[in-house]
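**Q** Sharing a structure below in structure tokens format, with a few things to ask.
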Amino acid sequence: MTLLPLTWTLGYAGLTALALAMKRHHEAVLGAKASEARLRGFRVLGWALLAAMTAGCLAIWPTALALWMALGMVAFAGLPLVFLLPYRPRLAGGLAVGLPVVGLVVGWVLG
Amino acid sequence: MKASLRQSMAWLHTWSGLLLGWLLVAIFITGTSAYFRDEISFWMAPELHHSVASEAAPRLAWEQLNATAPDARDWLIALPHERHPAVELRWRPDTPDAQENRRRRGERAELDATTGELLEPRASRGGGFLYRFHFELYGVPRIWARWLVCVATMFMLVAIVSGVITHKKIFKDFFTVRPGKGQRSWLDAHNATAVLALPFHFMITYSGLLIFMVMLMPWGMNVAYEDGWRGFFNEVFPREEQAANAGAPAPLVDDIQPLVARTEAAFGQPARYIEVEWPNRDNALIRITTAKEAAITDRRRGGNPSLSFEGTSGRLLKTDPGVGADDGFAARTYNLFVNLHLARFADPATRWLFFLFGVVGSAMACTGMLLWVSKRTQQLRGKTPGFNLRLVNGLNMASITGLLAAMAVYFAANRLLPAALETRESWEIRAFLLAWLATLIHALWRPHRRGWLEQLAALAALWLAVPVINLATTDSHLFSAIAWRHGALAAFDLVCLGMAAGAGYAFWRVAGHKPARKPARAARARRAAAGESS
């Protein structure tokens, strides 16, 4: 299977989690005030997902290029996110859960 | 300077960005298209579209060259591959004129890779024009243009560093974009495209300078080598000297196929080039080079493995495993930067990602330019803008929508100009330049919202026209490209449709846009209402 769709969606999920670790975006997306513990939880989750995304890059490309593309994935995942957040915050949050599944399936189908 | 570091950096960022921004936008946009230079060139040569790469290609090329140019000085056969499925033949006739200038390209022909039929593609500079424009512009002496582009690139580096200092706050929260609020929104969009792709912006700028380091900083080479950069290049990229004289006539091996098979087996990679020195002479030399999967730290040229054979007998003379891995640390770092800039190693998916990098970079430059105008328009508070602001607004329009429109005209001209036209390839370029000039005149005449609307409408219409004209003038249009599963051809038309959709969306947004202050108030009211209800 091709890992590219999953890798990109993991980057999206990771960045969304990092946004949810900030009070302002947390309230906009989830509609509730967050406790410090939850914010910290999202921060850890975000970095963990970004680490998984980097692992995906390392599986796709040779090391030097992979590390470079991991930085690139932040841009490709982050841009849709930042432009979605002000318009459809709830959708932006929902996609973070749904997209990795779609990415997995698409990668599987594409072979 | 009396002001604080941040203020001086903001000043530097604003003015270096403005003065070189127009050039940088053009460099970014044409450079982005250059990632698909081969695909664009192929699209612009519809006569080649029916060629399908086949096993028989080396034999067909061999027969063709033996018939057309048996006594040339040398031959080069570029075998078909994914990005160019026809066989390209080049040869230099053995005439004093051809020998005088080693860089002279000589004769060229394209061959159908399955039937061996000679193809006659229309004269066009293809994607090469946009690629060259990216660092040499057009109509300016090459060395001046390169210096100008390098100065702009240097300022881009300055703008990146000063921008990071000016906007360092955004690193804390780059998730915030506030749409529909004039200046603020442009600032947010500029920040988002700049910060999220900051590694790319830095890499592309710095590596752009590295590519020209020999031109920009020749002093070290001048001190170390008697003949300056030439000496440096001769040592770093040693060139194999061709035997100076033709030998006595003697036929080449009949069949090239076994030699190709042997090379492919030796390195486990498909053959890419067949070079022959002094064909059909007794000192003939055949060199077959494979298409190596280039590692990202390998050097740009001369790195691919090859086998050399005696031309008359086919006896193996030399095995060259290729170079690159034994380069030093500095050389490999240089190679890394240059390869990232050029994306030479890239498979199609990675190439698309680099193309997207370029799109983000272009967006970053464009939003910066629009931010400058938006900020000053807002400061007017409804007064009529003065000459300077109108000039900048007009130049922004010509450099963004104008250039994109001119590119669409360039592609349309490729399909519409008659194939028999004298200096046809120059007319394609003239169409591009005239269209760009027209948008500039229009932009300076109408540097306001209506002007933008008119250019955006024209932009959408022109990009939409390209696939339609393609449909009307060729049989390799979008529908057949999809049926043939030809990704590059289909993608070209789809990107055109995407450009048209993007321009149409921008038109719709600008048309629906009300003066900046009202929606801001409305949005605040809306947010307040939403806050109360939740």
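Residue numbers (my numbering), protein chains in the order written: chain A, 684 to 794; chain B, 737 to 1270. No residue lacks a Cβ here, since even glycine has one placed at the ideal position from N, Cα and C.
Alpha carbon to alpha carbon, what distance is there between Asn1016 of chain B and Phe807 of chain B?
**A** By 1-based counting over the second sequence, the position of residue 807 of chain B is 71. By 1-based counting over the second sequence, the position of residue 1016 of chain B is 280. The sequence given here has Asp at residue 807 of chain B, not Phe. Approximately 6 Å, taken between the alpha carbons.
**Q** When the Cα atoms are used, what is the spatial distance from Asp1063 of chain B to Trp1163 of chain B?
**A** Here residue 1063 of chain B corresponds to residue number 327 of the second sequence, with the count starting at 1. Here residue 1163 of chain B corresponds to residue number 427 of the second sequence, with the count starting at 1. Each residue's alpha carbon lies about 44 Å from the other.
**Q** Identify the continuous beta strand (DSSP E) that holds Arg844 of chain B and give its terminal residues.
**A** Start at 1 with the first residue of the second sequence, and residue 844 of chain B comes out as number 108. Element bounds for Arg844 of chain B: Glu843 to Leu847.
**Q** From Val712 of chain A to Val727 of chain A, what does the alpha carbon distance come to, in whole angstroms?
**A** Residue numbering aside, residue 712 of chain A sits at position 29 when the first sequence is read from its first letter. Residue numbering aside, residue 727 of chain A sits at position 44 when the first sequence is read from its first letter. Each residue's alpha carbon lies about 18 Å from the other.
**Q** Cα separation between Gly879 of chain B and Ala1079 of chain B?
**A** In the second sequence, counting from the first residue as 1, residue 879 of chain B sits at position 143. In the second sequence, counting from the first residue as 1, residue 1079 of chain B sits at position 343. Before going on, a small fix: residue 879 of chain B reads as Ile here, not Gly. Those two C-alpha atoms are separated by around 24 Å.
**Q** Taking 8 Å as the CB-CB limit, is Val788 of chain A close to chain B?
**A** For this step, residue 788 of chain A is matched to residue 105 along the first sequence. No, because no Cβ of chain B sits closer than 8 Å to the Cβ of Val788 of chain A.
**Q** Check the Cβ-Cβ distances between Phe764 of chain B and every residue of chain A, and say whether any is below 8 Å.
**A** As a working mapping, residue 764 of chain B is identified with position 28 in the second sequence. No - not a single Cβ of chain A is within 8 Å of the one on Phe764 of chain B.
**Q** On the DSSP bridge assignment, give the partners of Ser1042 of chain B in chain order.
**A** Taking the second sequence and counting its residues from 1, the one referred to as residue 1042 of chain B is at position 306. DSSP, once it has assigned bridges, lists B:Thr1025 and B:Asp1056 as partnering Ser1042 of chain B.
**Q** Could you tell me the boundaries of the alpha helix (DSSP H) in which Glu783 of chain B lies?
**A** Taking the first residue of the second sequence as position 1, residue 783 of chain B is located at position 47. That residue, Glu783 of chain B, is in no alpha helix (DSSP H); it is neither H nor E in DSSP.
**Q** Do three or more CB pairs link the stretch 1140 to 1154 of chain B to the stretch 1089 to 1106 of chain B at distances below 8 Å?
**A** Segments in contact, no.
**Q** In terms of residue numbering, what span does the alpha helix (DSSP H) encompassing Tyr1282 of chain B cover?
**A** Absent from the model: residue 1282 of chain B. The displayed extent of chain B is 737 to 1270, so no value can be given.
**Q** Just to check my reading of the structure: Ala1239 of chain B and Ala1171 of chain B have Cβ atoms closer than 8 Å, yes? What is that Cβ distance to the nearest angstrom?
**A** Stepping through the second sequence from its first residue, residue 1239 of chain B is reached at position 503. Stepping through the second sequence from its first residue, residue 1171 of chain B is reached at position 435. Between Ala1171 of chain B and Ala1239 of chain B the Cβ distance is about 15 Å, and since that is not below 8 Å, they are no contact.
**Q** Do you know how far the Cα of Ala984 of chain B is from the Cα of Asn1019 of chain B?
**A** The residue labelled residue 1019 of chain B in the question sits at position 283 within the second sequence. The residue labelled residue 984 of chain B in the question sits at position 248 within the second sequence. About 8 Å.
**Q** Please determine, among A:Ala747, A:Met756 and A:Ile743, the residue with the shortest C-alpha to C-alpha distance to Ala696 of chain A.
**A** By 1-based counting over the first sequence, the position of residue 696 of chain A is 13. Nearest option by C-alpha distance: A:Met756.
**Q** What's the gap between the Cα of Met1278 of chain B and the Cα of Thr1033 of chain B?
**A** Since the first residue shown for chain B is 737 and the last is 1270, residue 1278 of chain B is missing from the structure and cannot be characterised.
**Q** For Trp730 of chain A, which residues in chain B fall below 7 Å Cβ to Cβ?
**A** Taking the first residue of the first sequence as 1, we reach residue 730 of chain A at position 47. Under the 7 Å cutoff, chain B gives no residues; its nearest Cβ is about 15 Å from Trp730 of chain A.
**Q** Ends of the beta strand (DSSP E) at Arg826 of chain B?
**A** Taking the first residue of the second sequence as position 1, residue 826 of chain B is located at position 90. Val823 to Arg828 is the span of the beta strand (DSSP E), which, as asked, contains Arg826 of chain B.
**Q** Name, please, each residue of chain B whose Cβ falls closer than 9 Å to the Cβ of Gly755 of chain A.
**A** Taking the first sequence and counting its residues from 1, one reaches residue 755 of chain A at position 72. Per Cβ cutoff of 9 Å: Ala933, Pro935, Phe936, Leu1089, Phe1090, Leu1092 and Phe1093.
**Q** Output, in chain order, the set of chain B residues within a Cβ distance shorter than 7 Å of Pro769 of chain A.
**A** Counted from its first residue, the first sequence places residue 769 of chain A at position 86. The answer, in chain order, is Val913, Arg914 and Pro915.
**Q** Quick one: residues in its chain with C-beta nearer than 7 Å to the C-beta of Ala822 of chain B, no 5 flanking neighbours on either side, listed in chain order?
**A** Working through the second sequence from its first residue, we reach residue 822 of chain B at position 86. Cβ within range, chain order: Leu784, Ser787, Pro816, Glu846, Leu847, Asp848, Ala849 and Leu855.
**Q** Assign Val913 of chain B to one of three DSSP states: helix, strand, or coil.
**A** If you number the second sequence from 1, residue 913 of chain B lands on position 177. Residue state, collapsed to three classes: coil.
**Q** Counting only beta-carbon separations shorter than 8 Å, does Pro763 of chain A have a partner in chain B?
**A** Translated into positions along the first sequence, residue 763 of chain A becomes position 80. Chain B, which has no Cβ nearer than 8 Å to the Cβ of Pro763 of chain A, makes this no.
**Q** Any C-beta of chain B sitting closer than 8 Å to the C-beta of Leu748 of chain A?
**A** As a first step, residue 748 of chain A must be located in the first sequence, where it is residue number 65. With 8 Å as the cut-off, Leu748 of chain A counts as an interface residue toward chain B.
**Q** With a threshold of 7 Å, establish whether the CB of Trp1108 of chain B neighbours any heavy atom of the ligand PLP.
**A** In the structure shown, the ligand PLP is absent, as is every other ligand, since no ligand is present at all.
**Q** For Asn1129 of chain B, I'd like the list of residues in its chain whose CB is within less than 6 Å of its CB, leaving aside the five on either flank, ordered along the chain.
**A** Your numbering for residue 1129 of chain B matches position 393 in the second sequence. Closer than 6 Å at the Cβ level, and outside the excluded window around Asn1129 of chain B, lie Val1109 and Pro1183.
**Q** Alpha carbon to alpha carbon, what distance is there between Ala888 of chain B and Val784 of chain A?
**A** On the first sequence, residue 784 of chain A is found 101 positions in, with the first residue counted as 1. On the second sequence, residue 888 of chain B is found 152 positions in, with the first residue counted as 1. Distance between the alpha carbons of Val784 of chain A and Ala888 of chain B: 44 Å.
**Q** Taking only beta-carbon positions, decide if Phe910 of chain B is within less than 8 Å of chain A.
**A** Counting from one through the second sequence, the residue named residue 910 of chain B turns up at place 174. Cβ-Cβ to chain A under 8 Å: yes for Phe910 of chain B.
**Q** In the DSSP assignment, find the alpha helix (DSSP H) that holds Trp744 of chain A and state where it starts and stops.
**A** On the first sequence, residue 744 of chain A is found 61 positions in, with the first residue counted as 1. First-last for Trp744 of chain A: undefined, no H or E at that position.
**Q** Here's a check: name, in chain order, each residue in its chain whose Cβ is nearer than 7 Å to the Cβ of Leu1225 of chain B, leaving out the five neighbours to either side.
**A** Translated into positions along the second sequence, residue 1225 of chain B becomes position 489. Here the set comprises Trp779, His785, Ser1212 and Ala1217.
**Q** Locate the alpha helix (DSSP H) running through Ala814 of chain B, then write down its first and last residues.
**A** Translated into positions along the second sequence, residue 814 of chain B becomes position 78. Unbroken run through Ala814 of chain B is the beta strand (DSSP E), Asp810 to Ala814; no alpha helix (DSSP H).
**Q** Kindly list the residues whose CB is nearer than 6 Å to the CB of Gly1223 of chain B, restricted to its own chain and excluding five residues on each side of it in sequence; keep chain order.
**A** One-based indexing of the second sequence puts residue 1223 of chain B at position 487. Result list for Gly1223 of chain B: empty, nothing under 6 Å.
**Q** Where are the alpha helix (DSSP H) runs, 4 residues long or more, that stay fully inside the stretch 920 to 967 of chain B, in chain order?
**A** You should have 934 to 947, 949 to 952 and 955 to 960.
**Q** Alpha carbon to alpha carbon, how far is Ser1270 of chain B from Arg771 of chain A?
**A** If you number the second sequence from 1, residue 1270 of chain B lands on position 534. If you number the first sequence from 1, residue 771 of chain A lands on position 88. In this prediction, Ser1270 of chain B has a pLDDT of 35, which is less than 50 and means its spatial position is unreliable; nothing more can be read from the coordinates.
**Q** Does the structure place the stretch 1067 to 1077 of chain B close enough to the stretch 888 to 905 of chain B that three or more beta carbon pairs sit under 8 Å?
**A** Taking 8 Å as the limit for Cβ pairs, the verdict is that the stretch 1067 to 1077 of chain B does not touch the stretch 888 to 905 of chain B.
**Q** Mind checking Ser1271 of chain B: buried by the 16 CB within 10 Å criterion, or exposed?
**A** Lying outside 737 to 1270, the shown extent of chain B, residue 1271 of chain B is not represented and no answer is given.
**Q** Report buried or exposed for Lys917 of chain B, applying the criterion of at least 16 other Cβ atoms within 10 angstroms of its Cβ.
**A** One-based indexing of the second sequence puts residue 917 of chain B at position 181. The residue in question, Lys917 of chain B, is buried, as its Cβ has 16 or more Cβ neighbours within 10 Å.
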